[in-house]
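Protein chains in written order, with my numbering: chain F, 1 to 115; chain C, 1001 to 1115. C-beta: ideal position from N, C-alpha, C; glycine also. Treat the numbers as computed from the prediction; the structure is a model and nothing was measured. Have a look at the structure below, then the notes.
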């Protein structure tokens, strides 16, 4: 079945540092790829998405490029802020055998940014 | 507009009791999903509803779990004879329609603790 593997955390960075969170996937067909973020005490929010190979999703300074050849969707940000401290989830969406479009998530990476 | 709402936000119950968790999706969204977020298993898909079609129950972990969606809107997840391993945060999400491209909007979750 489909699966998502992302780097284990926690990750601790200083403010203005460069961030990379690795994500690779296994899926049949051509899934859509997502990064969701969960800020402390809040629900899951979509951060960015890409629906086909070579698409780049971007939002709030974060970027991720859909790489079909390496089955990867790594999240990057050039300069993190304290407010970026959260748990980040990589996910894919594809049609299941039963015809539904559920998300398959990675285990999440907790990011802490210190001033 | 209003987002996805869930109730209760917290539920503490004794082993062996039944619980009901409620989800109000965003108005007009035809697709509704239930997920479970637990420390050991991460985020797992449970069940998917799309309009009036038969639900995809392939993610339900046992026959103690069931869900219904009345009138294509509100959904209730029922867990019978709760066990300690059922302790988790139960998340509901909705999207405009079932599709790998459509963003799923998540509710704040219900934290279930089984003593």
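7 Å Cβ cutoff, residue i in contact with chain C
i, result
"residue 3 (chain F)", "no"
"residue 48 (chain F)", "no"
"residue 29 (chain F)", "no"
"residue 81 (chain F)", "no"
"residue 32 (chain F)", "yes"
"residue 110 (chain F)", "no"
"residue 26 (chain F)", "no"
"residue 6 (chain F)", "no"
"residue 51 (chain F)", "yes"
Close-in-space but distant-in-sequence residues of the same chain around residue i (CB under 8 Å, 5 per side omitted)
i, result
"residue 112 (chain F)", "10, 11, 12, 13, 85"
"residue 1055 (chain C)", "1047, 1048, 1049, 1067, 1069"
Between the CA atoms of residue j and residue i - distance to the nearest angstrom
i, j, result
"residue 1082 (chain C)", "residue 1097 (chain C)", "32 Å"
"residue 1107 (chain C)", "residue 1029 (chain C)", "13 Å"
"residue 110 (chain F)", "residue 40 (chain F)", "10 Å"
"residue 88 (chain F)", "residue 1051 (chain C)", "30 Å"
"residue 1039 (chain C)", "residue 56 (chain F)", "31 Å"
"residue 81 (chain F)", "residue 60 (chain F)", "11 Å"
"residue 1064 (chain C)", "residue 21 (chain F)", "37 Å"
"residue 1062 (chain C)", "residue 73 (chain F)", "33 Å"
"residue 1042 (chain C)", "residue 1071 (chain C)", "31 Å"
Residue-level contact to chain F via CB, residue i, 7 Å cutoff
i, result
"residue 1016 (chain C)", "no"
"residue 1108 (chain C)", "yes"
"residue 1040 (chain C)", "no"
Residue i, enclosing beta strand (DSSP E) - first and last residue
i, result
"residue 18 (chain F)", "It is not in any beta strand (DSSP E) - residue 18 (chain F) carries neither H nor E in the DSSP assignment."
"residue 1075 (chain C)", "1075 to 1079"
"residue 1024 (chain C)", "1019 to 1024"
"residue 26 (chain F)", "23 to 26"
"residue 53 (chain F)", "Residue 53 (chain F) -> no beta strand (DSSP E), and no H or E assigned at all."
"residue 60 (chain F)", "Counting along the chain, residue 60 (chain F) falls outside any beta strand (DSSP E), and DSSP gives it neither H nor E."
"residue 1097 (chain C)", "Counting along the chain, residue 1097 (chain C) falls outside any beta strand (DSSP E), and DSSP gives it neither H nor E."
Cβ neighbours of residue i in the same chain (closer than 6 Å, five flanking residues each side left out)
i, result
"residue 1102 (chain C)", "1095, 1096"
"residue 1014 (chain C)", "1115"
"residue 1025 (chain C)", "1004, 1032, 1094"
"residue 37 (chain F)", "45, 47, 86, 88"
7 Å CB neighbourhood of residue i in its chain, flanking five on each side removed
i, result
"residue 104 (chain F)", "2, 3, 4, 91, 92"
Exposure of residue i, with buried meaning 16 or more beta-carbon neighbours within 10 Å
i, result
"residue 1091 (chain C)", "buried"
"residue 1002 (chain C)", "exposed"
"residue 1086 (chain C)", "buried"
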